[in-house]
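Read through the structure below, which is laid out as structure tokens, and then see the notes.
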Amino acid sequence: MELKAMYLYAAVLAVLLCSSVNFIQSPTDVLGPVALLEPTPSSARDFGAVVSDAPFAVMRPESPDDIALLLGALSSTAPSPRATVAAVGAGHSLHGQAQARDGIVVETRALPRDVHVVSARAHGGDDDATVRAYADVGAGALWVEVLEECLKLGLAPPSWTDYLYLTVGGTLSNGGISGQTFKHGPQISNVLQLEVVTGKGEVVTCSPTEIPELFFAVLGGLGQFGIITRARIPLQLAPPKVRWVRAFYDSFETFTGDQELLVSMPEQVDYVEGFMVLNEQSLHSSSVAFPAQLNFSPDFGSKGRKKVYYCIEFAVHDFQQDGSRADHVVELVSAKLSYLRPHVYSVEVSYFDFLNRVRMEEESLRSRGLWDVPHPWLNVFVPKHGITQFKGLLMDTVSADDFEGPILVYPLLTDKWDGNTSAVVPAAPDGVMYIFGVLRSTDPARCGRACVDSIMARHRRVADEACRDGGGGGRGIGAKQYLARQPSPARWRDHFGAGWGRFAARKARFDPLHVLGPGQGIFPRTDSAGSM
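FYI, the numbering for the sequence shown is -26 to -1, 1 to 506, going by mature numbering (1 follows the signal peptide of the UniProt record, and there is no 0).
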């Protein structure tokens, strides 16, 4: 294997370097002891399974210094580099964003994945402990691993993703949202410090006060400025139990109105999400993890006259200091909602089981052969004023009879997003936007490549229409896509809008030769990278 790696060193360097052979006497002159490995089929596959761009080599770094050696060599101005680098964590990108055609994929799961929890509880009361506790986490760790370690001390991060089997570095490079986002902001708004290897091969520790430009650049930065190798995450007290509630609706306006009522009560409510119920399968699959009997048997109508229902789910933390408090809060909150009587259901579960709820849905999909399949997803942030129009656009492209997967719909508050980060959210004058997450699984037996391409084309048309600026009497909504790959650099500039200049300036500072993140398609690769 060592000999094979050495041969690969030489082959990689021949591609990377356009100098005479006299420039490099040995592969270790540039890369030291870092091994580059032959790619495997998984190197060109992600969860979306709609794009497959094979790299030339794979790196499994043992430390940030390994990554620094690689990026330092590739970012050398003499000779000009030829390859690009993409960091991949758990492989849950949707459109090849973590792939690097003919480049190098850095597998961050190979990095140390330790979770070191620091709690100041001994130095003060519970309030002080909550504020001052944090976890130093390897960026290749999964969020479920972070949760398990933190719960040993009765602590947990405040903000989550729905699916916990994603890496810390992966979600922090995008955003990281779930039902807690209305209250605590996305995961990128809940970071104290980062360790980053920049596109120039520099290992840098940064925070809001120490090299803040890099800190905010990489948060939501789509892997364009550096590879996150460690993160310091604030912690709060974790409740032993959660009271989990679901309520059903037959009116979109009532459904969204009640969601906005719930997010206006952050002192009482800790989690708010919602989803569309398109058919019996949709109702069943969305209820796999909910451990209560749902006596809800709606009439979905007949073909051509389909009826759509909606479900709000919210949760209240139960610290069990007063056994009746969580139940009492749920009773008071539920009384203010206008759901379909009597269809509200409540159950108490452990905090871990609640946060890990999507795992059960994953196991159900795996059992039906619908997990390792193409996922032509569409995720869009829609300002409140445009949600009814967007729902109409979306439903024109969805067949309720055979749609497989959830369509999430729930509100987020724009003031919880730090405008210094690289993440993009729409302008929302009233401060409310919604995430629409069309999380479709396609059965290869019924939907082949042409079918998947057709779905993606329909999603593209919906996104194009929704993301157009609605100013000046136009029909656009002013929405912004999330977790998407734009079809061209010009479309990326449209996506960033007024923030494009800052984004491009950050690229010029931290990855001037455009080595990083080729799968996003934001910055074309050139030898000199002289034009932005």
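Backbone N, C-alpha and C define an ideal beta-carbon position, used for all residues, glycine too. Quick caveat: nothing in here was measured; it's all calculated off a predicted structure.
The residue from W351, I286 and Y223 with its alpha-carbon nearest to that of I429 is W351.
At a Cβ-Cβ threshold of 9 Å, T203 and E241 do not count as neighbours.
When only Cα atoms are considered, L138 and D39 end up about 27 Å apart. A residue is called buried once 16 or more other Cβ atoms fall within 10 Å of its Cβ, and A205 is buried on that count. Remark: C-beta atoms of D244 and K157 approach each other more closely than 9 Å. In this structure P214 does not touch F264 by the C-beta definition: roughly 19 Å separates them, more than the 8 Å allowed. DSSP places W134 in the coil class of the three-state scheme, outside both helix and strand.
With three or more CB-CB distances shorter than 8 Å, the segment 405 to 422 counts as touching the segment 336 to 356. Looking at the DSSP output, W391 sits in no beta bridge, so it has no partner there. Nearest neighbour of V412 by Cα position, chosen from G248, V398 and A482, turns out to be G248.
The beta carbon of P380 lies closer than 6 Å to those of F249, S260 and L413 in the same chain, with the five residues before and after it left out. Contact check for R480 against E187 passes: the beta carbons are separated by less than 9 Å. Each residue's CA atom was taken as its position, placing Q460 and F497 some 11 Å apart. DSSP lists M407 as the bridge partner or partners of L386. Between A458 and F410, the alpha-carbon positions lie close to 13 Å from each other. According to the DSSP assignment, S428 belongs to the alpha helix (DSSP H) that extends over R423 to C441. Under the DSSP definition of a beta bridge, V318 partners with A221. In this model, S373 and L235 are separated by some 30 Å (Cα to Cα). For A205, the enclosing beta strand (DSSP E) has its first and last residue at G200 to P208. Short of 8 Å from the beta carbon of S462, and not among the five residues preceding or following it, lie these beta carbons of its own chain, in chain order: G495.
Per the C-alpha coordinates, the member of E123, P132, G144 and N269 positioned closest to G114 is G144. Spanning the alpha carbons of R331 and Q255 requires a straight line of approximately 18 Å. When L490, P385 and H291 are compared, the shortest CA-CA separation from S238 is found for P385. For L193, the closest C-alpha among the options Y108, G493, R434 and G393 is that of G393. In this structure, N148 places its C-beta atom within 9 Å of the C-beta atom of L196. For V304, the enclosing alpha helix (DSSP H) has its first and last residue at R299 to A309. In the assembly as shown, H90 is an exposed residue. Its beta-carbon has fewer than 16 other beta-carbons within 10 Å. Between G46 and E176, the gap from beta carbon to beta carbon is short of 9 Å. Within the same chain, Cβ atoms closer than 6 Å to the Cβ of Q71 are found at R459, G493 and Q494, the five residues on either side in sequence being excluded. Closest by C-alpha distance to T155, out of I78, W134, F190 and H291, is W134. Each residue's CA atom was taken as its position, placing V111 and T14 some 27 Å apart. Around the CB of V323, 16 or more other CB atoms lie within 10 Å, so the residue is classed as buried.
Between the C-alpha atoms of A453 and T179 there is a straight-line separation of about 34 Å. Residue burial annotation: R217 is buried, with at least 16 other C-beta atoms found within 10 angstroms of its C-beta. When rounded, the separation of the alpha-carbon atoms in K174 and A212 is 39 Å. The closest CA to that of P316, considering only H302, F222 and G275, is found on F222.
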